[in-house]
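What the sequence shown shows, in this note's numbering, is residues 53 to 288, in sequence order.
We put the beta carbon where it would ideally sit given N, CA and C, even for glycine.
Step one of this worksheet: look at the structure below.
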Amino acid sequence: MNPRYLTLTNLEMLHLVFRGYRSHDGLGFLFRGQADASWDLLPKAGRKEFFLPNNRDLGRFWSWTQQAVAYSSLPSSDLEQLAIAQHHGLATRLLDWTMNPLVACFFACSEQIKKDGAVYIYECPDKIVNEEHSFNVLEETPGVFGYFPKSISPRVLNQKGLFTVHCEAFRQISVSKSRLGNEESNLLVLIIPAKLKEDIVKHLEDYGIDKSVLFPDLDGLSAHINRKTLRIKKPA
53 MNPRYLTLTN
63 LEMLHLVFRG
73 YRSHDGLGFL
83 FRGQADASWD
93 LLPKAGRKEF
103 FLPNNRDLGR
113 FWSWTQQAVA
123 YSSLPSSDLE
133 QLAIAQHHGL
143 ATRLLDWTMN
153 PLVACFFACS
163 EQIKKDGAVY
173 IYECPDKIVN
183 EEHSFNVLEE
193 TPGVFGYFPK
203 SISPRVLNQK
213 GLFTVHCEAF
223 RQISVSKSRL
233 GNEESNLLVL
243 IIPAKLKEDI
253 VKHLEDYGID
263 KSVLFPDLDG
273 LSAHINRKTL
283 RIKKPA
């Protein structure tokens, strides 16, 4: 079965789509924004430039933990450590999602402004992993799992973040018939044309969705102010 595709035509359509697809605290639909609609829906460790077969990405992660303790204390849970590594930019088998569709829209529209973006709307996976699952599960059990992390950082909290865990890292999300019995697939791809991106970002800022909120630190604040400066400098 193939994903269902919709192309956004105006801002009003955005509200209509999200009215029909709700998160229900992550147990309904999950949302992910990608700034270029041509990018694969894969975690970084599963992409061609980073992929290592035979679960070797977990070995690279283990090497990261051995050095990361010099900078910060790490929790005892393997998955929590993996989430922290993802948060700090390591190529892992985690793929970021959000319970807030407006957050996904921001990530789809705030970069690559000349490229069409995409918001993926995905039914929460049937199988869930949590902090009690060890890496043995990730090595020995193929599939794509949901993972609801603790609020390991203000960014995860503000972005209403959660993950899919891909075992192995290259494993694609399985597209199948929706559990809702509506003859649709479990994955909807909302294409956002490049020409709408700037208006959508301005609209989201009116709703309080911007980098200073999603990245609640000095880096996020600086990026937000820079964006506003570029907008002022933009020629008419």
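How many whole angstroms separate the CB atoms of residue 31 and residue 143, which I take to be in contact at a CB cut-off of 8 Å?
-> Residue 31 is absent from the model: the chain starts at 53 and stops at 288.
Does the Cβ of residue 151 have 16 or more other Cβ atoms within 10 Å, making it buried, or fewer, making it exposed?
-> Residue mapping note: residue 151 aligns to position 99 of the sequence shown, counting from 1. Classification of residue 151: buried, given that the 10 Å Cβ count is 16 or more.
What do you get for residue 192, buried or exposed, if any count of 16 or more other CB atoms within 10 angstroms of its CB means buried?
-> Working through the sequence shown from its first residue, we reach residue 192 at position 140. Around the C-beta of residue 192, fewer than 16 other C-beta atoms lie within 10 Å, and the residue is accordingly described as exposed.
Under the three-state reduction of DSSP, which class applies to residue 192: helix, strand or coil?
-> Along the sequence shown, one-based indexing puts residue 192 at 140. Helix.
Contacting residues, own chain, Cβ-Cβ under 8 Å from residue 63 (five flanking each side not counted) = If you number the sequence shown from 1, residue 63 lands on position 11. Result list for residue 63: 248, 251, 252, 255, in chain order.
Alpha-carbon to alpha-carbon, residue 246 and residue 218 | Taking the first residue of the sequence shown as 1, we reach residue 218 at position 166. Taking the first residue of the sequence shown as 1, we reach residue 246 at position 194. Rounded to the nearest angstrom, the two C-alpha atoms are 29 Å apart.
Complete beta strand (DSSP E) runs within the stretch 135-182 (minimum length 3 residues, chain order) = Restricted to the stretch 135-182, the beta strand (DSSP E) segments that are unbroken, complete and at least 3 residues in length are 146-150, 169-175, listed in chain order.
Alpha carbon to alpha carbon, what distance is there between residue 66 and residue 95?
-> Here residue 95 refers to the residue found at position 43 when the sequence shown is read from its first residue. Here residue 66 refers to the residue found at position 14 when the sequence shown is read from its first residue. Approximately 26 Å between the Cα atoms of the pair.
Ranges of the alpha helix (DSSP H) found wholly within the stretch 205-281, counting only runs of at least 4 | DSSP runs (the alpha helix (DSSP H)) wholly in the stretch 205-281: 206-210, 246-258, 263-266.
Could you check the C-alpha separation between residue 68 and residue 74 for me, to the nearest Å?
-> As a working note, residue 68 is residue 16 in the sequence shown. As a working note, residue 74 is residue 22 in the sequence shown. Using only the alpha carbons, I get a separation of about 11 Å.
Hey, out of 223, 127, 173, 278, whose CA is closest to residue 104's CA?
-> Within the sequence shown, numbered from 1, the residue matching residue 104 stands at position 52. It is 223 whose Cα lies nearest to the Cα of residue 104.
Please name the residue or residues paired with residue 73 in a DSSP beta bridge.
-> As a first step, residue 73 must be located in the sequence shown, where it is residue number 21. Residue 73 pairs with nothing; no bridge assigned.
Distance, residue 130 Cα to residue 187 Cα | Reading the sequence shown from its first residue, position 135 is the one you call residue 187. Reading the sequence shown from its first residue, position 78 is the one you call residue 130. Rounded to whole angstroms, residue 187 to residue 130 spans 7 Å at the Cα level.
Give the range of the beta strand (DSSP E) segment to which residue 111 is assigned.
-> Looking up residue 111 in the sequence shown gives position 59. Run containing residue 111: none in the beta strand (DSSP E); it sits in the alpha helix (DSSP H), 108-120.
From which residue to which residue does the beta strand (DSSP E) around residue 85 run?
-> Within the sequence shown, the letter at position 33 stands for residue 85. Segment 81-86, the beta strand (DSSP E) holding residue 85.
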